[in-house]
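Novice:
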Amino acid sequence: MAVLQYREALRAAMTEEMERDERVFLMGEEVAEYNGAYKVSEGMLEKFGPKRVIDTPISENGFCGLGVGAAMNGLRPIIEFMTFNFSFVAIDQIINNAAKIRYMSGGQFDVPIVFRGANGAAGQLAATHNTSTESIYSTIPGLKVIAPSNPDDAKGLLKSAIRDNNPVIFLESEVMFGMKGEVSDAEDYIIPIGKARIAKEGTDVTIVAHSKSYHIAMRVAERLENDGYSAEVIDPRTIRPLDIDTIVDSIKKTNRCVIIDESNPYASISSEITFQIQDRAFDFLDAPIKRITAKDVPAPYAKNLIEYYMPQEEDAYQACLSVMYAK
Amino acid sequence: MAKQTNKTSTRRAAPKRKPAAKKPAAGKNVEQNVVPDSLSLTQEFDTYPAGKYTHTDLGLSEDQVIAMYRNMLLQRRFEERAAQMYGKQKIAGFLHLYIGQEAISTGTATAMEIGKDSLITAYRDHGHALALGMSANEGMAEMFGKVGGCSKGKGGSMHFFDKENRMFGGHGIVGAHVPVGVGIAFGHKYKEDDGVAIAFYGDGAAGQGAIHEAANLMSIYELPAILVVENNQYAMGTAVHRAFGQVEFSHWAASYDVRGSVADGMDVFSVVKAMQDAIASAREFKPTMMEIRTYRYRGHSMSDPQKYRTKEELDAKKNEDPIVRLKAYLLENKITDEKTLDAIDDDVKEEVMASVEFAENSPAPDLDAIYDDVYDTRDYPYLA
């Protein structure tokens with residue numbers, strides 16, 4: 020095991036896959052000469068040269084479309100969004116082209132492309148720069164959506180995403196880029212897409228949380244442990260396809276569930292997981308499922324408001340007590 | 003108005019300004035950012051007027067010209083029959099006819115190396131597909147929504163794809179496929195396979211930002227790409243002059259520092275020559291923005307009352323019919339005779355009728371096929 024930052028794990032994944040497969044290239048704003056707006060691609064231009072690490076103008080619609088065409092023509096592009104807030108400029112390329120061309124062509128054309136970059140809130144950036152996009156992209160058949168919470172998952176899942184023959188939305192986090200963690204140094208470390216991780220086993224309540232919210236879940240589980248309750252924490256890691264079996268198996272054991280999700284709540288990941296749980300495990304539930312999400316408003320700027328906007332550890336803790344009827 | 007010339011491969015004398023993209027390492031050897039000398043800017047464009055070129059000028063054999071005629075006629079008869087089938091409700095959804103524009107698809111295919119070069123277009127796509135070699139059977143069956151269709155009945159009229167002939171679609175969102183076309187060209191350059199990608203779009207799509215981004219990317223990456231606006235004068239019912247400040251679409255090339263050219267889409271030889279030059283240029287990584295002036299004889303789609311144009315305008319344009327023009331050329335130059343052309347006409351009609359029969363007889367997709375080809379494997383856990 021090596022200790023890597025989240026950004027270093029991403030870089031290691033891209034580097035290994037580019038060494039392994041000549042068809043893989045990285046394109047995006049400031050990925051080459053600037054060394055990456057968040058230094059994810061630091062050193063990659065030097066290593067691979069300008070043919071494979073390519074700066075773009077500020078043209079998300081254009082270079083995402085370019086990536087789709089390159090993928091249709093046999094390459095395996097990694098397209099970096101500086102943040103996924105800017106993916107909305109290119110959402111037509113993602114939803115109408117990347118996700119649908121295989122289907123519309125009767126399976127003639129693969130679109131093996133990874134759209135990756137920072138997702139979700141990152142402080143006092145106000146409404147346009149704080150969007151959690153996983154609910155939006157997960158609703159689209161044809162896409163896969165991944166949101167790793169730690170460096171190890173980031174590496175193993177990004178390698179899988181690059182090898183996948185389908186378009187993959189790979190959601191990182193500005194807040195987590197500097198986070199350190201142990202990363203497997205197994206040769207060719209691959210984590211399969213669509214497999215949840217049971218981060219902590221427990222018996223009294225199941226907490227489902229991905230990306231940054233996973234870390235809230237672990238803190239809540241620790242507090243509950245101190246109170247004498249055993250929480251099971253599940254990080255879905257992949258949002259689409261969702262490993263609902265692992266979640267349902269846990270509910271059958273704990274009979275209670277709290278979901279922590281940084282998305283806005285309406286028609287979101289948490290609502291989808293909630294539906295699927297009641298659909299498959301209604302008789303196992305001893306309490307209504309609770310969710311802690313971002314508030315149902317655009318992200319505000321003011322310090323106190325953005326803190327209030329985000330999912331709160333205390334609320335998640337109280338929700339867990341509530342579903343256990345422990346208060 | 004900028005100076006124009008008939009000469010091919012003329013370039014304007016303005017200083018090149020290319021991004022400092024090709025350097026060995028970040029932060030090292032950063033090139034001086036060059037500001038162009040606007041005061042000395044001139045731009046020249048290549049023009050390809052109708053009636054200027056003979057088939058021998060273009061290196062085409064008589065057999066090739068006859069094959070081009072047959073192909074244009076096939077597109078015409080195929081679509082006439084498709085319109086009839088739409089009336090009979092055998093074809094549903096949107097149906098956009100290419101009738102009047104066939105010289106563009108056929109002329110382009112003639113200049114391309116089929117199987118090596120790539121083509122992508124918008125939703126008025128039947129002509130391009132048939133020109134590249136898709137069978138009438140696959141096309142008609144696709145519009146009938148049958149498994150024998152090119153996209154197994156999943157795409158319909160607007161989404162014809164033919165990987166074998168490097169036809170990359172058939173795209174329904176106006177302008178959105180043009181960056182994809184530039185990406186196909188990027189793939190050709192990256193793989194060093196000497197291929198060229200040609201992206202067609204209509205004058206209506208020229209208003210989309212995607213066109214601007216695509217043109218700029220093709221320029222800075224020096225891609226083997228050709229962006230072609232098929233200017234049929236109307237975006238649905240909006241005349242070009244009502245939608246654009248600069249209606250000389252080839253002049254847009256100056257903004258992106260690429261080759262600009264304009265061809266006459268009513269003369270297939272004008273299209274062939276313009277495409278031959280653009281393809282040769284693209285193979286040397288000099289992209290082109292081309293305008294081809296054309297006219298669609300039918301409405302935008304099947305539900306178009308066409309109140310935006312006069313009958314006189316339409317009749318005048320019908321006198322320029324590219325198929326009639328090529329037929330006259332074949333006869334005047336004694337390349338073939340009426341009898342042979344009649345036989346071709348019969349043969350094409352038969353092929354089209356056979357495609358209707360094929361489409362009728364091809365089965366509808368199994369309901370279970372709804373889950374095919376969303377992802378590359380069938381084991382995706384779809385929600386029931």
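Going down the list, the sequences are from chains A and B.
Every number in this note's numbering is 19 more than the matching position in the first sequence, counting from 1.
Every number in this note's numbering is 2 more than the matching position in the second sequence, counting from 1.
Just so it is clear, CB atoms sit at the ideal spot from N, CA and C, and this is done for glycine as well.
Compile a chain-ordered list of the residues in the region 111-136 of chain A whose CB is closer than 8 Å to at least one CB of chain B.
Specialist: Per Cβ criterion, the list reads ASP111, GLN112, ASN115, ASN116, ILE120, ARG121, TYR122, MET123, SER124, GLY125, GLY126, GLN127, PHE128, ASP129.
Novice: On the criterion of 16 or more Cβ atoms from any shown chain inside 10 Å, does B:LEU369 qualify as buried, or is it exposed?
Specialist: It is exposed - the Cβ of B:LEU369 has fewer than 16 other Cβ atoms within 10 Å.
Novice: Which of the three DSSP states is assigned to B:PRO324 in this structure?
Specialist: Note: B:PRO324 maps to helix in three-state DSSP.
Novice: Between the Cα of A:ILE114 and those of A:ILE73, A:ALA166, A:VAL87, spot the shortest distance and give me the residue it belongs to.
Specialist: Ranking the options by Cα distance to A:ILE114, first place goes to A:VAL87.
Novice: Tell me whether A:ALA250, by its Cβ, gets closer than 6 Å to a heavy atom of the ligand COA.
Specialist: Absent from the structure shown: the ligand COA. Ligands present: none.
Novice: Can you say whether B:GLY247 is buried or exposed, counting buried as having 16 or more other CB atoms within 10 angstroms of its CB?
Specialist: Under this definition B:GLY247 is an exposed residue.
Novice: Of all the CB atoms in chain B, is at least one closer than 7 Å to the CB of A:ASN184?
Specialist: With 7 Å as the cut-off, A:ASN184 counts as an interface residue toward chain B.
Novice: Which first and last residues belong to the beta strand (DSSP E) in which A:VAL252 is found?
Specialist: Its beta strand (DSSP E) spans residues 250-254.
Novice: What residues are listed by DSSP as bridge partners for A:GLN351?
Specialist: The shown model of chain A, from 20 to 346, leaves out residue 351 of chain A, and the question about it has no answer.
Novice: If you draw a straight line from the alpha carbon of B:PRO383 to that of A:CYS276, how long is it in whole angstroms?
Specialist: Cα to Cα, B:PRO383 sits roughly 22 Å from A:CYS276.
Novice: Could you give the C-beta distance for A:VAL202 and A:MET20, rounded to a whole number, given that I count them as a contact under 8 Å?
Specialist: 7 Å between Cβ atoms; contact.
Novice: For B:LYS24, I'd like the list of residues in its chain whose CB is within less than 8 Å of its CB, leaving aside the five on either flank, ordered along the chain.
Specialist: The pLDDT assigned to B:LYS24 is 46, lower than 50, so where the model puts this residue is not dependable; a value taken from the coordinates is nonetheless given after this. Once the five neighbours on either side are set aside, B:LYS24 has no close Cβ partner at all.
Novice: Beta-carbon of B:LEU75 versus every beta-carbon of chain A: anything under 7 Å?
Specialist: So no, B:LEU75 is outside the interface.
Novice: With a threshold of 7 Å between beta-carbons, can A:MET91 be considered close to chain B, or not?
Specialist: Taking Cβ atoms only, chain B reaches closer than 7 Å to A:MET91, which makes this a yes.
Novice: For the region 166-182 of chain B, list every residue whose C-beta sits within 7 Å of some C-beta in chain A, in sequence order.
Specialist: Within the region 166-182 of chain B, the residues whose Cβ lies closer than 7 Å to some Cβ of chain A are PHE170, GLY171, ILE175, ALA178, PRO181, VAL182, listed in chain order.
Novice: Using a Cβ cut-off of 7 Å, pull out every chain B residue sitting near A:PHE82, in sequence order please.
Specialist: Those within 7 Å of A:PHE82 in chain B are LEU219.
Novice: In this structure, does DSSP put A:TYR344 in helix, strand or coil?
Specialist: In this structure, A:TYR344 counts as coil in the three-state DSSP scheme.
Novice: Who pairs with A:GLU99 in a beta bridge, going by DSSP?
Specialist: DSSP output for A:GLU99 lists A:GLY47, A:ARG135 as bridge partner(s).
Novice: Just checking my contact of B:GLU166 with B:GLY150 at CB under 8 Å: how many whole Å lie between their CB atoms?
Specialist: So it is not a contact: roughly 15 Å between Cβ atoms.
Novice: What first and last residue would you give for the beta strand (DSSP E) that runs through B:GLN77?
Specialist: Counting along the chain, B:GLN77 falls outside any beta strand (DSSP E), though it belongs to the alpha helix (DSSP H) covering 64-89.
Novice: Would you mind sorting B:GLY177 into buried or exposed? The rule is 16 or more other CB atoms within 10 Å of its CB.
Specialist: So B:GLY177 counts as buried.
Novice: Apply the 10 Å Cβ neighbour rule to B:ARG168 and answer buried if 16 or more other Cβ atoms are within range, or exposed otherwise.
Specialist: Buried: at least 16 other Cβ atoms inside 10 Å.
Novice: Is it the case that the region 259-278 of chain B contacts the region 98-115 of chain B, given that we only count it when at least three CB pairs across the two stretches are under 8 Å?
Specialist: Yes, the region 98-115 of chain B touches the region 259-278 of chain B.
Novice: Going by C-alpha to C-alpha distance, which of A:ILE97, A:LEU29, A:ALA146 sits closest to A:LYS322?
Specialist: For the residues A:ILE97, A:LEU29, A:ALA146, the minimum Cα distance to A:LYS322 belongs to A:ALA146.
Novice: In angstroms, rounded to a whole number, what distance separates the CA positions of B:ALA217 and B:SER263?
Specialist: Taking the straight line from one Cα to the other gives about 14 Å.
Novice: Assuming B:GLY109 is part of the alpha helix (DSSP H), what are its boundary residues?
Specialist: Note, B:GLY109: alpha helix (DSSP H), 104-113.
Novice: Alpha carbon to alpha carbon, how far is B:ALA113 from B:ASP269?
Specialist: If I take the Cα positions, the gap works out to 14 Å.
Novice: For a quick check, are the C-beta atoms of B:THR290 and B:GLN103 less than 7 Å apart?
Specialist: Going by C-beta atoms, B:THR290 is not nearer than 7 Å to B:GLN103.
Novice: Closer than 7 Å, CB to CB, is A:VAL87 near chain B or not?
Specialist: By this cut-off, A:VAL87 is an interface position.
Novice: When the distance is taken between beta carbons, is B:TYR203 closer than 7 Å to B:VAL180?
Specialist: The answer is yes: Cβ separation under 7 Å.
Novice: What residues from chain B crowd round A:SER78, counting only those whose CB sits closer than 8 Å?
Specialist: Near A:SER78 (Cβ distances below 8 Å), the residues of chain B are GLU215, ASN218, LEU219.
Novice: Can you find at least 3 beta carbon pairs, one from the region 104-123 of chain A and one from the region 167-182 of chain A, that sit closer than 8 Å?
Specialist: The region 104-123 of chain A is not in contact with the region 167-182 of chain A.
Novice: For A:ALA228, which residues of its own chain have a beta-carbon under 6 Å away from its beta-carbon, when the five flanking residues on both sides are left out?
Specialist: These residues qualify, in order along the chain: ALA236, ILE279.
Novice: In three-state terms, what does DSSP make of A:ASN184?
Specialist: Reduced to three states, the DSSP call for A:ASN184 is coil.
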